[in-house]
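For reference, the structure is listed below as structure tokens.
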Amino acid sequence: MCKAVDITDRAALLAAVQEAEAQFGPADGIINNAGMMLLGEMSKQNPAEWDSMFDVNVKGLLNGIHAVLAGMVARKHGTIINISSIAGRKTFPSHVAYCGSKFAVHAISENLREEVAGSDVRVITIAPGAVETELLSHTTNEDIKAGYEEWKDGMGGVLAATDIAEAISYAYHQPQNVCVREIVLAATRQPA
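Per the working numbering, residue 645 is the first one in the sequence shown, and the count goes up by one each step.
Structure follows, in structure tokens:
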């Protein structure tokens, strides 16, 4: 089943999950992958961009968790996979609000993992470095985009989306009693 849902619309997301569960049974896993990357210097960036990022990267993530968590805890089974970023572990120039949103993903994930571990629900954080996706296109500052592209080219390329998918698959397919808490991955030549 495919359904387009605005991750920031909690009611719409919950309805979509309920529709899927009615057709396929209780959710065994969720991958919270929606994200925005609006890079900018804090003194110059439009605050509306911060709002958009936090709405999607943090509140959207919480909405996804909320849609499945109670059922997983009641069944004592399930896996929540949250896609963060290396920018949730360290800072980068022109990434202040973005890093803040991804640090939040890390904190939410780890705290939730501690909260639900006793219910046999796994919480996994995937923290990729630079990946070839449309994410950079969200940034409105052309100089920052050009610098980012130059940085990627200087590494000889970055990760592909399939690299992330394989990391997710590895973590998810472990036995339920094994929680791969976090996977950090980047192109070998990515220095930071």
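Just so it is clear, CB atoms sit at the ideal spot from N, CA and C, and this is done for glycine as well.
Note that the coordinates shown come from a computational prediction; the quantities given were computed from them, not determined experimentally.
Would you kindly work out how many angstroms separate the C-alpha atoms of R757 and I651, rounded to a whole number? 21 Å
Check your understanding: With DSSP run on the structure shown, which of helix, strand or coil describes V828?
Key -> strand
Backbone secondary structure at G684 - three-state DSSP | coil
At what residues does the beta strand (DSSP E) containing I808 begin and finish? Careful: I808 lies outside any beta strand (DSSP E), inside the alpha helix (DSSP H) at A805 to Y816.
Exercise. Which stretch, first to last residue, makes up the alpha helix (DSSP H) that contains R654?
Worked result: R654 to F668
DSSP state of R733, grouped into three classes? coil
Between L829 and A809, is the Cβ-Cβ spacing less than 8 Å?
-> no
* CB contact below 8 Å: G679 versus chain D -> Checking the listed chains, one finds no chain D in this structure; it contains a single protein chain.
With a cut-off of 8 Å on the beta carbons, I'd call E826 and T735 a contact; round off their distance for me.
-> No, E826 and T735 are not in contact; Cβ-Cβ is about 18 Å, not under 8 Å.
Q | Close beta carbons around V661, own chain, < 7 Å, minus the five adjacent residues each side | A | A671, A711 and V712
Leaving out five residues on either side along the sequence, give the residues of the same chain with a beta carbon under 8 Å from the beta carbon of Y816. G673, T723, I725 and I768
(request) Could you check the C-alpha separation between G741 and A774 for me, to the nearest Å? (result) What sits at residue 741 in the sequence shown is Ala, not Gly. Roughly 17 Å separates the two Cα atoms.
Report task. Grab me the residues of A748's own chain with a C-beta within less than 6 Å of its C-beta, minus the 5 sequence neighbours each way, in chain order. Result -> V702
Subject >> Range of the contiguous beta strand (DSSP E) that encloses I770 >> reply: V765 to P772
Below 8 Å on the Cβ atoms is my guess for G800 versus R766; work out the distance and round it to an integer in Å. With a Cβ gap of about 35 Å, G800 and R766 do not count as contacting.
Original post:
Secondary structure at N785, three-state DSSP: helix, strand or coil?
Top reply: coil
Within a Cβ cutoff of 8 Å, which residues of the same chain sit near C617, ignoring the five residues on either side of it in sequence? The structure shown does not extend to residue 617, since the chain is modelled only from 645 to 836, so the question has no answer here.
Over the uninterrupted beta strand (DSSP E) stretch that includes I752, give me the two end residues.
Unbroken run through I752 is the alpha helix (DSSP H), V740 to V760; no beta strand (DSSP E).
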